[in-house]
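> Below is one structure. I have some questions about it.
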Amino acid sequence: MDINDVKFSVDRFEKMINDNSLLFFDSFEFESIVAHYLENGKIEYARKAIDLSLNQHPTSSSLILLKIELYIHEDKINEADELLNSILINENLNEEICIVKANILSKKKLHYKAIEYLNKILAMGENNNEIHYLIGIEYLFLENFVKAKSNFINSLNYNSSDHGTLYNIIYCFEMLNKKLNSISFLNNYLDRNPYCEISWYNLGKQYVSLKKYEEGLNSFDFAIISDENFTSPYIEKAKILQRLDKYEEAIIIYKKLLSVNKTSSYAMLKIGHCYEKIGNSSNALAYYYKSVHYDPSTDKAWYRLSKYFLKNKNYKKANDYIEKAIRINQEKPKYWKLYLKCASLISAKN
Numbered sequence: 000m001d002i003n004d005v006k007f008s009v010d011r012f013e014k015m016i017n018d019n020s021l022l023f024f025d026s027f028e029f030e031s032i033v034a035h036y037l038e039n040g041k042i043e044y045a046r047k048a049i050d051l052s053l054n055q056h057p058t059s060s061s062l063i064l065l066k067i068e069l070y071i072h073e074d075k076i077n078e079a080d081e082l083l084n085s086i087l088i089n090e091n092l093n094e095e096i097c098i099v100k101a102n103i104l105s106k107k108k109l110h111y112k113a114i115e116y117l118n119k120i121l122a123m124g125e126n127n128n129e130i131h132y133l134i135g136i137e138y139l140f141l142e143n144f145v146k147a148k149s150n151f152i153n154s155l156n157y158n159s160s161d162h163g164t165l166y167n168i169i170y171c172f173e174m175l176n177k178k179l180n181s182i183s184f185l186n187n188y189l190d191r192n193p194y195c196e197i198s199w200y201n202l203g204k205q206y207v208s209l210k211k212y213e214e215g216l217n218s219f220d221f222a223i224i225s226d227e228n229f230t231s232p233y234i235e236k237a238k239i240l241q242r243l244d245k246y247e248e249a250i251i252i253y254k255k256l257l258s259v260n261k262t263s264s265y266a267m268l269k270i271g272h273c274y275e276k277i278g279n280s281s282n283a284l285a286y287y288y289k290s291v292h293y294d295p296s297t298d299k300a301w302y303r304l305s306k307y308f309l310k311n312k313n314y315k316k317a318n319d320y321i322e323k324a325i326r327i328n329q330e331k332p333k334y335w336k337l338y339l340k341c342a343s344l345i346s347a348k349n
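Per numbering that gives the first Met the number 0, residue 0 is the first one in the sequence shown, and the count goes up by one each step.
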């Protein structure tokens, strides 16, 4: 059903509920109505629709599966399993039933059994992309990162633009501590998908972890070229430039980040820190103030302001600002150390 048909059916169903009347809907309409409510988190309406649908179509396996889905959503796993087993008495195994059964087994932490059901779908030659992905997730639960990675790669082969699967593959490489293999995989992937900003970004992070900063910078540049609104590569590139003491260049990148996200208090804080490193105190102070203006909960900016005023012997302001930092984050020993120093200097001055 298209979106207008679904809306018509949902409106008709809700009018029936409000009027306390009884109307007939075919099973396909009920499937769309229930799916609509589940997708929008309207569980009470979904429950009413399922109950009424099974009164009108008691043998519809699709509607029974939706009731099972509702049970799973409500974490009523045993009820879901019992109802599914009642279907299996009269229904042959198909893809949808196997997926639901695997989901139930997964919820019961029976991950190997869940994988068995998912493998049955592969044996049917059905929907390999989704099934390999689901098998990969089960292996993640089992912390078998080799098999998880293998299945995610198989899934990605069917849908190369699935960034969620790509992230899972990179995660598996990280858990296996296979940085060089991850770099090789990402380079091969980029040969086929040269404008994938996610891959360039993660490739850059892998290079940086191996202290190959030039390659990392190049990768972040390509990530930005691929999607100039993707903020993460700006941050990572600027962090490398800071690490290499190239503060003026880092400021340029952080300002480019601000052109994408004008209210990034993080970028303002970092620009202030870079200005402080090159001795431009007035600009440093201005950006620290900008940072706390846009996000007063940025404890690091309050800390930087406190240090600035301590250095300039304005102990009262230094004390006020470190108190603000501590109210936000009480777990930083250096904040308390600075607070005690300010208190001591104020006491000595008086």
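Cβ coordinates follow ideal geometry from the N, Cα and C atoms, glycine included.
1. Whole angstroms is fine: what's the gap from S105's alpha carbon to R242's?
2. Here's a check: name, in chain order, each residue in its chain whose Cβ is nearer than 6 Å to the Cβ of I327, leaving out the five neighbours to either side.
3. In chain order, what residues of the same chain have a beta carbon less than 8 Å from the beta carbon of N186, not counting five sequence neighbours either side?
4. Give me the residue from K14, R191, K204, S159 with the minimum Cα distance to F172.
5. Consult DSSP for D244 and reduce its assignment to one of helix, strand or coil.
6. Determine the DSSP secondary structure at P295, reduced to helix, strand or coil.
7. Nearest to L64 by CA position, among N39, D319, F29, E43, is which residue?
8. With a Cβ-Cβ cutoff of 8 Å, do Y265 and A283 count as a contact?
9. Measuring only the C-alpha atoms, how far is H35 from Y44?
10. If distances are taken between C-alpha atoms only, which option among D161, K211, S258, E214 comes closest to Y188?
11. What's the call for S31, buried or exposed, on a 16-neighbour Cβ count within 10 Å?
12. Distance, Cα to Cα, A222 vs E196?
13. Quick check: the Cα distance between N176 and L337, rounded to an integer number of angstroms?
14. Terminal residues of the continuous alpha helix (DSSP H) containing L337?
15. What first and last residue would you give for the alpha helix (DSSP H) that runs through Q329?
16. What does the Cβ neighbour count give for Y286, buried or exposed, with the cut at 16 atoms within 10 Å?
17. Grab me the residues of F151's own chain with a C-beta within less than 6 Å of its C-beta, minus the 5 sequence neighbours each way, in chain order.
18. If you draw a straight line from the C-alpha of F27 to the C-alpha of I67, how long is it?
19. Would DSSP call G278 helix, strand or coil?
20. Counting along the chain, where does the alpha helix (DSSP H) carrying R164 start and finish?
21. Under a three-way DSSP split, which group does P429 fall into?
22. State yes or no: is the C-beta of S231 within less than 8 Å of the C-beta of W199?
23. Between the Cα of S290 and those of K261, D220, L339, spot the shortest distance and give me the residue it belongs to.
24. Which residue wins for smallest C-alpha separation from H131, given the options E142, D25, L92, I114?
25. The alpha helix (DSSP H) spanning Y70 covers which residue range?
By the coordinates alone:
1. 44 Å
2. S296, D298
3. L202
4. K204
5. coil
6. Correct three-state label for P295: coil.
7. That would be F29, whose Cα lies nearest to the Cα of L64.
8. no
9. So the two alpha carbons sit approximately 10 Å from each other.
10. Among D161, K211, S258, E214, the Cα nearest to that of Y188 is on D161.
11. buried
12. Distance between the alpha carbons of A222 and E196 is about 4 Å.
13. 39 Å
14. 332-348
15. Per DSSP, Q329 belongs to no alpha helix (DSSP H) and is neither H nor E.
16. Buried, by the Cβ-count rule.
17. For F151, where only same-chain residues beyond five positions count, the Cβ hits under 6 Å are G135, T164, N167, I168.
18. 17 Å
19. coil
20. Arg is not the amino acid found at residue 164; the sequence shown has Thr there. It spans 162-174 - the alpha helix (DSSP H) in which T164 sits, taken as one unbroken run.
21. Residue coverage of the chain in this structure runs from 0 to 349, which leaves residue 429 outside it and unanswerable.
22. no
23. K261
24. I114
25. 60-72
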